[in-house]
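Enquirer:
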Amino acid sequence: MKKLVVIVLALVAAVSCGKSERLTPEQTVQECWMRIAAGDYQGAVALMEGTEQEKGEYVLLLEEKYAAKLQKASGVERVDVLASHTNDKEVLVQAIVMLGNGAEIEDIYTLHKVDKQWLIGAYSAE
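For the sequence shown, our numbering gives the first residue as 41, with consecutive numbering after it.
#1: Return the first residue and the last residue of the beta strand (DSSP E) that threonine 150 is part of.
#2: Any chance the segment 64-73 sits against the segment 156-163, with 3 or more Cβ pairs inside 8 angstroms?
#3: For alanine 143, tell me which candidate among Glu97, Val116 and Gly96 has the shortest Cα-Cα distance.
#4: Can you check whether the C-beta of leucine 159 is within less than 8 angstroms of a C-beta belonging to chain B?
#5: Closer than 8 angstroms is the cut-off here; do at least three beta carbon pairs connect the segment 145-159 with the segment 115-132?
#6: Return helix, strand or coil for leucine 44, following the three-state DSSP convention.
#7: Look at the alpha carbon of alanine 113 and the alpha carbon of leucine 139, and state the distance between them as a whole number of angstroms.
#8: Reducing DSSP to helix, strand and coil, say where glutamate 94 ends up.
#9: Using alpha carbons as the reference points, say which of Asn127, Lys156, Arg118 and Asp128 lies closest to asparagine 141.
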């Protein structure tokens, strides 16, 4: 009986570890911002479209643009999705990032499905 329980638990663990959860476009935007807030710029860039060279540049741009700003603002409190619109080839997600000091960053993100994963369109520094 104990052996059966161990086998069942092992199978459940294997199935749940092997199953990768796909993020919706809205969740992708939220997750990207949470990674930026945590200083995980590599992780944030993994949710963006681009060549490996571009993604390397994105990491530097994100860190340069947000590290000091988010630290000064006491980090990210939450990311609210205001609206999303789907057309044939992409999803537009309007989101507002609420910072710890009450400031807000509002933007519209374009996402494309690449290999069954939603990725944020090319990053541009303002």
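For each residue, glycine too, the CB sits at the ideal point set by N, CA and C. Small disclaimer: the values here were computed from a predicted structure and weren't measured.
Expert: The short version:
#1: Membership of threonine 150 in the beta strand (DSSP E) is indicated by the continuous run 144-154.
#2: Touching, yes.
#3: Of the candidates Glu97, Val116 and Gly96, the one whose C-alpha sits nearest the C-alpha of alanine 143 is Val116.
#4: Checking the listed chains, one finds no chain B in this structure; it contains a single protein chain.
#5: Using a Cβ-Cβ distance cut-off of 8 angstroms, the segment 145-159 and the segment 115-132 are in contact, since at least three pairs of beta carbons, one from each stretch, lie closer than that value.
#6: Because the pLDDT at leucine 44 is just 35, under 50, the model does not fix this residue reliably, and the value given afterwards should be weighed accordingly. Secondary structure of leucine 44 (DSSP, three-state): helix.
#7: About 6 angstroms.
#8: Assigned with DSSP and collapsed to three states, glutamate 94 falls in helix.
#9: If we check each option's Cα against that of asparagine 141, Arg118 comes out closest.
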